[in-house]
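There are 2 protein chains.
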Amino acid sequence: MDFKELKRFFETHDDYLILTHRNPDGDTVGSGFALWNVLRGMGKRAKVVNNEPFPSRYDFLYEGYEDSEFSPRTIVAVDVADKKLLGDTLSEYEDKVELCIDHHVSNKGYAKQTIVDGNASSATLVLYRFIRDQGIPLTDIIAKCIYTGLATDTGCFKYSNTTPEAHIAAAELMAYDIDFVNVNRRMFDIKSIGRMTVESAVTNEMEHYFGGKCTMICVTKALIDQTGVDIAEFDGLASIPLQVEGAVIGITLREHRDKAGFKLSVRTTDPVDASAFCRQFGGGGHIRAAGCEIDGTLEEVKAKVLEAVREMLGE
Amino acid sequence: MDFKELKRFFETHDDYLILTHRNPDGDTVGSGFALWNVLRGMGKRAKVVNNEPFPSRYDFLYEGYEDSEFSPRTIVAVDVADKKLLGDTLSEYEDKVELCIDHHVSNKGYAKQTIVDGNASSATLVLYRFIRDQGIPLTDIIAKCIYTGLATDTGCFKYSNTTPEAHIAAAELMAYDIDFVNVNRRMFDIKSIGRMTVESAVTNEMEHYFGGKCTMICVTKALIDQTGVDIAEFDGLASIPLQVEGAVIGITLREHRDKAGFKLSVRTTDPVDASAFCRQFGGGGHIRAAGCEIDGTLEEVKAKVLEAVREMLGE
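Chains as they are written, first to last, in the numbering used here: chain A, 1 to 315; chain B, 316 to 630.
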C-alpha cells in the first residue's frame with residue numbers, strides 16, 4: 001500500500017477507531033492523535049483509544065480532541081507491532097484491524113493492510129511522510145504530535161535509530177508551534193517522586209566489580225517493599241548500571257515476585273556481547289541489550305553471574 | 316569580519332595557539348580541535364590548550380592530534396565569551412587574543428577581532444558555517460568535533476537554543492563517520508561513581524512543599540563530608556529539584572564552604588519567575604534560572620525561602 005492508496009483508503013472509509021499500544025509512549029500517542037487530526041481535517045469521525053486512560057503527561061497531545069459517540073466501522077492501529085500489544089481492554093479488536101501504520105521491522109502483519117517502514121525513526125515519521133507526500137494540511141497540533149513521537153523514539157536524537165531524515169523532519173516541524181522545549185521536558189526530564197526514590201535507592205546499592213568494568217544493581221523484593229513505591233516505578237532501570245564511567249557491562253538483577261529466582265537485564269558497550277553473555281543462561285537478545293533468568297538465592301545468582309563476567313572479561 | 320576575511324586571516328597568519336575555556340565542555344573542546352584540523356589542512360602549525368589537561372572523556376575529539384613545539388604567533392580563542400574564562404594557566408594570553416570565534420551574545424569583545432553569532436546554537440556551528448561557506452574540506456574528525464559541540468550546547472537538541480539550522484547541520488554531519496551514539500553516551504549518559512553517589516544522596520534528602528509545587532535540596536557541608544566525594548561533583552545539581560513531576564519551583568541550597576550562609580539556585584517552570592523570586596534576596600538572573608545568597612543557619616534560610624515561596628505561589 002503506497003501513500004496514494006492510503007489517502008484513498010481514508011477517503012473511502014468512515015468512523016475510525018484508532019488503537020494505540022498498551023503502556024503508551026510518545027510515539028503511539030503522538031501517532032494516534034496526529035491521525036485523529038488528519039482524519040478530522042478530511043471530515044471524518046474518529047476516536048483514539050488505549051488499554052487504559054492516557055497518562056496525563058500526554059495531555060498536550062490531545063489539545064482540541066473531542067471524544068464522540070459512534071459505532072466504529074474502521075479499525076486502525078498505530079505503532080502497534082503485534083496485536084498482543086493492544087492489551088486486554090482492546091483485545092476484542094485484535095482480529096478486526098483493517099490498517100496498521102508502524103515502523104517496527106518486527107511487525108507481525110496481523111492487520112488486513114500494513115504500512116510499515118523499519119527505517120523510519122518513529123511511527124509518526126511514517127505519518128509525516130504521508131502528510132508531505134499527499135499534501136495533507138499540517139497544523140500546529142499535528143506537527144507537535146509528530147515531533148513528540150520522533151523525539152520519544154530516538155531518545156531526543158540520541159539513539160542509533162536517529163537518521164538524517166529524523167533531524168530534517170525536526171527542523172521542518174519547528175516552523176510550527178510545537179514548543180519542543182516543553183515536550184522534551186515532559187518526555188525526558190520529569191519523573192515522579194516514586195521514580196526518583198527508586199533510582200536513588202538502586203544507585204545507593206550499586207555494586208562495582210573488576211575495577212569498575214562491571215556494575216550491578218539488585219532489585220530484590222525486600223528493596224521494593226522497603227521503598228514503599230508502586231512496583232510499576234521499578235520498570236526500565238536496566239540502563240542505570242552502564243551509566244557509570246568505565247563500566248562495559250551493566251547488570252540488573254530483579255527478583256521474581258511470584259517464584260524463586262531472578263530476571264537479568266544486561267547492557268554492554270563495545271566490545272562486550274550482551275547476547276552471548278545471556279545465552280550461557282538460556283536467554284538472548286541483542287549485542288548491547290539482552291536478558292535471561294537464573295534460579296537460586298541472591299548470593300547464588302550473583303556468584304554465577306560474576307563468574308561468567310570474569311570469564312567474559314578475561315579477568 | 317566575514318567568512319571570506321576569516322579565511323584570509325587564516326591564510327596570512329601562522330603558528331596558532333588555540334585557547335579554550337576553563338572547565339571545558341564539548342563545545343569549546345570540539346571547536347578547538349575542529350579548528351586545529353582546519354588549520355592543519357591549510358598547512359599551518361597549531362596547538363590547542365586549556366587551563367588544565369583535557370578530561371579523558373573528550374579523547375575521541377583529539378584523534379590524530381599531534382602536539383608540536385613552536386612559539387605561538389597567533390592567539391585564537393574559541394567559545395570563550397570573556398577573557399576571565401581562560402583560567403590562571405592561560406591568563407598570560409588574556410590581552411593577546413587576535414581572534415575570537417564564539418556564539419555568546421554576552422561576548423565581551425576582548426579579542427582584536429571577533430566573529431560572534433548569538434543565533435548559532437554552538438561555537439562549532441559558527442565554524443561549520445565558515446567551512447561550508449568557504450568550501451573548506453570537511454573530514455570525519457572535523458564533523459565529529461562540530462557535532463559534539465552542537466549536541467553538547469543544545470542538550471542533544473532539547474534546549475530552547477536548538478534551531479532548525481542545528482538539526483539540519485546534524486543531518487548533514489551524519490554523512491560522516493561521527494559515531495553520534497557514542498558521542499552522546501559520553502556527553503550525556505556516563506557519570507562518575509562520585510557523581511552518582513551525590514545525585515543519589517541529594518535525591519534521598521529532597522524535600523517537597525506546597526503539595527509538591529516546590530521541591531528543595533540542601534547541599535550542606537555535613538552532606539558533602541558524609542558522602543566523601545570530591546567537591547567538584549557537587550556542581551550543577553540545580554536542575555534536579557525541578558525534575559519532580561508537579562514541581563514549578565525547584566530550589567537548591569548550598570552551604571558556603573568558607574563563610575556562614577547559603578547560595579540559592581532557583582529553577583522554575585511557567586508561570587513562576589525565578590528572577591523576581593531571587594531579587595527579593597538581592598540576587599537575579601533569568602526568568603527560569605536565577606540565584607541569590609542568604610545568610611543564616613539552614614533552618615533560618617529555609618524558613619525565609621519557604622515564606623517567599625508561599626507568597627509567590629499564593630498558598
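All C-beta atoms, glycine included, are put in the ideal place defined by N, C-alpha and C.
Just to confirm, are residue i and residue j a CB contact at a threshold of 9 Å?
i	j	result
A:D295	A:A260	yes
A:E199	B:T335	no
A:A175	A:A151	no
B:I532	B:M521	yes
A:I142	A:V229	no
A:A111	A:A77	yes
A:N51	A:L17	no
A:A290	A:G283	yes
B:D340	B:H418	no
A:K47	A:D79	no
A:R319	A:K221	The requested residue 319 of chain A is not part of the displayed model; chain A covers only 1 to 315.
B:G433	A:I193	no
B:I461	B:L488	yes
A:I251	A:C214	yes
A:T162	B:F495	yes
B:G633	B:V581	Nothing in the structure corresponds to residue 633 of chain B, since chain B is present only between 316 and 630.
B:L557	B:T583	yes
A:F3	A:Q134	yes
A:F9	A:M1	yes
B:V431	B:I451	no
A:R57	A:D14	no
B:K578	B:E615	no
Name, in chain order, the residues that DSSP records as bridge partners for residue i.
i	result
B:D317	Its beta-bridge partners do not exist; DSSP assigns none.
B:S580	B:T567 and B:G606
A:D102	A:V116
A:G285	A:A290
A:I168	None; A:I168 has no bridge partner.
A:L19	A:V49 and A:A77
If you count every other CB in all the chains shown that lies within 10 Å of the CB of residue i, and 16 or more means buried, which is it?
i	result
A:F130	buried
A:Q226	exposed
B:I284	Beyond the ends of chain B as shown, which are 316 and 630, falls residue 284 of chain B; an answer cannot be given.
B:F472	buried
A:I287	exposed
B:D403	exposed
A:G149	buried
A:K83	buried
B:P370	exposed
A:E255	buried
A:F234	buried
A:F277	buried
B:I390	buried
A:V105	exposed
A:K144	buried
B:A547	exposed
B:N499	buried
B:F385	exposed
B:M625	First, the residue type needs correcting, since residue 625 of chain B is Arg and not Met in the sequence shown. The residue is exposed, with fewer than 16 neighbouring Cβ atoms inside 10 Å.
B:R510	buried
B:M502	buried
B:M627	buried
B:N422	buried
Taking 8 Å as the cut-off, does the CB of residue i come closer than this to any heavy atom belonging to the ligand HEM?
i	result
A:C214	The ligand HEM is absent from the structure shown, which contains no ligands of any kind.
Q) Enumerated in chain order, which unbroken segments of the beta strand (DSSP E) with a length of 3 residues or greater are wholly contained in the stretch 23-96 of chain A? A) If we require 3 residues or more, the beta strand (DSSP E) runs fully inside the stretch 23-96 of chain A come out as 46-49 and 74-78.
Q | Touching by the beta-carbon criterion (3+ pairs, under 8 Å), the stretch 435-454 of chain B and the stretch 341-348 of chain B | A | Judged by Cβ distances under 8 Å, the stretch 435-454 of chain B makes contact with the stretch 341-348 of chain B, as three or more pairs qualify.
Q | beta strand (DSSP E) runs contained entirely in the stretch 485-570 of chain B, provided each spans 3 or more residues | A | Here the runs fully enclosed are 522-524, 529-534 and 564-570.
**Q.** beta strand (DSSP E) segments (min. 3 residues) lying fully within the stretch 110-162 of chain A
**A.** Assignment of beta strand (DSSP E) within the stretch 110-162 of chain A, counting only whole runs of 3 or more residues, yields 113-116 in chain order.
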